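Counted from 1, the sequence shown has number 51 at position 49 by full-length UniProt numbering; the numbering is strictly sequential.
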Amino acid sequence: LEKYKGIIPAFYACYDEQGEISESRTKELCNYLYKKGVKGLYVGGSSGECIYHSLEERKATLKYVAHQLKGKLTLIAHVGAPSTRDSVILAKYAEELGYDAVSAIPPIYFKFSESSVYKYWTEIMDATTMPFIIYNIPQTTGFDLSLNLFKKLIENEKVIGVKNSSMPVMDIERFKATAGDNFIVFNGPDEQYVSGRIIGADSGIGGTYAVMPELFLMAEKFVSAGDFANARKIQHDINDIIVALCSLNGSLYSTIKEILKQNGVHIGSVRAPLEPVSGDDLNKIASIKALIDN
Ligand code: HMN
3 LEKYKGIIPA FYACYDEQGE ISESRTKELC NYLYKKGVKG LYVGGSSGEC
53 IYHSLEERKA TLKYVAHQLK GKLTLIAHVG APSTRDSVIL AKYAEELGYD
103 AVSAIPPIYF KFSESSVYKY WTEIMDATTM PFIIYNIPQT TGFDLSLNLF
153 KKLIENEKVI GVKNSSMPVM DIERFKATAG DNFIVFNGPD EQYVSGRIIG
203 ADSGIGGTYA VMPELFLMAE KFVSAGDFAN ARKIQHDIND IIVALCSLNG
253 SLYSTIKEIL KQNGVHIGSV RAPLEPVSGD DLNKIASIKA LIDN
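Next up, the structure:
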């Protein structure tokens, strides 16, 4: 499980100037992050705008990333989709492409019982021989993974981890205490990376890592060395940046993409209804970038 331990940025959707998925730009972002020294990528998740993509677009992104980085980085494919059928299609495709693991949110839109969610995740797992990473993100899905359902899920040996994006860090502690050493708990909230790691997360997957990988790599270095005073300092810097990233009217990911553009990585903006950065807010990008560069 060592290959899952480290800084794993959530990969962004890369568009051309017309807003279509771009192969060359997807590969450009792959190369950029590879050179930064991250451990792996989480492809096609929330930060990847997955719910705004057709099945074909999601497959295209999975393919471009695999072709660029397979064997170089740990690749996790997020395959959660509104229907079990589409999730299974994506999971099988990820297996064909040689992804290391698949992961999925619970099904969205309707309210589902725990047994429906259990069935959904299990059908995805049954579709391939790949390891599976549960994705718990109640603030966007409305479904809070209970400890009881978690216990039932981890009876399946395909379940090797949980990406926990709920805000109580205690959830990380409970999942870790329940699943034990031979299991990966991924910290989800970037604002709590250091606390998540200290309370039991083994690793992290996050939506803001790709715009400041150096800071997360440094935070990780300090946490692993037990240097919590310095880890805290880095987390303070990270949180100042996240607050600034979230202060504009456009979506968080459009702000991040504007900053990446200033770093020479052009991956377009975001797909509606997510809003691009516009007007006066564009003038604020340079100062947010300065916070990151300092
Ligand atoms: C993904 O699935 O692509 C992201 O990893 C999701 C991730 O947990 C992010 N959460 C949300 O978007 C709700 C966080 O990394 C988040 O972007 C960060 O903590 C800033 O708030």
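Where a beta carbon is used, it is the ideal one built from N, C-alpha and C, also for glycine.
Since the structure is predicted, the reported quantities are computational estimates derived from the model, not experimental observations.
A buried status is given to Gly-252, since no fewer than 16 other beta-carbon atoms sit within 10 Å of its beta-carbon. When beta bridges are read from the DSSP output, Thr-131 appears opposite no residue. Annotation: Gln-237 to Leu-219 spans about 11 angstroms, alpha carbon to alpha carbon.
Within the DSSP bridge table, the entry for Ile-186 names Gly-163 as partners. Under DSSP, His-80 shares a beta bridge with Ser-105. A buried status is given to Tyr-14, since no fewer than 16 other beta-carbon atoms sit within 10 Å of its beta-carbon. Assignment of Leu-75 by DSSP, reduced to helix, strand and coil, places it in the strand class. Shown here for Tyr-111: same chain residues with a beta carbon closer than 7 angstroms to its own, the five before and five after excluded, namely Pro-84 in chain order.
For Ile-207, the pairing in a beta bridge is given by DSSP as Ile-10.
Under the DSSP assignment, Leu-262 falls in the alpha helix (DSSP H) whose first and last residues are 254-264. In this structure, the straight-line span from the alpha carbon of Ala-79 to that of Phe-185 is close to 18 angstroms. Between the alpha carbons of Val-67 and Lys-178 lies a gap of roughly 30 angstroms. A residue is called buried when at least 16 other Cβ atoms come within 10 angstroms of its Cβ; Ser-115 does not meet this threshold and is exposed.
In the three-state DSSP reduction, Ile-243 falls in the helix class (H, G or I). With respect to the 7 angstroms criterion, Pro-108 and Phe-145 are classified as neighbours on the basis of their beta carbons. Distance from the C-beta of Ser-249 to the nearest heavy atom of ligand 1 is not below 6 angstroms. Asp-192 places its beta carbon less than 7 angstroms from that of Thr-210.
Here Tyr-137 is bridged, per DSSP, to Lys-165. For Val-45, the enclosing beta strand (DSSP E) starts and ends at 42-45. Non-local C-beta neighbours of Ile-244 in its own chain, meaning closer than 8 angstroms and more than five positions away in sequence, comprise Asp-192, Glu-193 and Thr-210, ordered along the chain.
With respect to the C-alpha of Phe-230, the residue from Ile-207, Ile-201, Gln-70 and Glu-4 having the closest C-alpha is Ile-201. Between the alpha carbons of Ala-62 and Ser-48 lies a distance of about 17 angstroms. Here the alpha carbons of Ile-261 and Ala-288 stand approximately 8 angstroms from one another.
In the structure shown, Tyr-17 adopts extended strand secondary structure according to DSSP, grouped into three states.
Here the alpha carbons of Ser-168 and Tyr-122 stand approximately 20 angstroms from one another.
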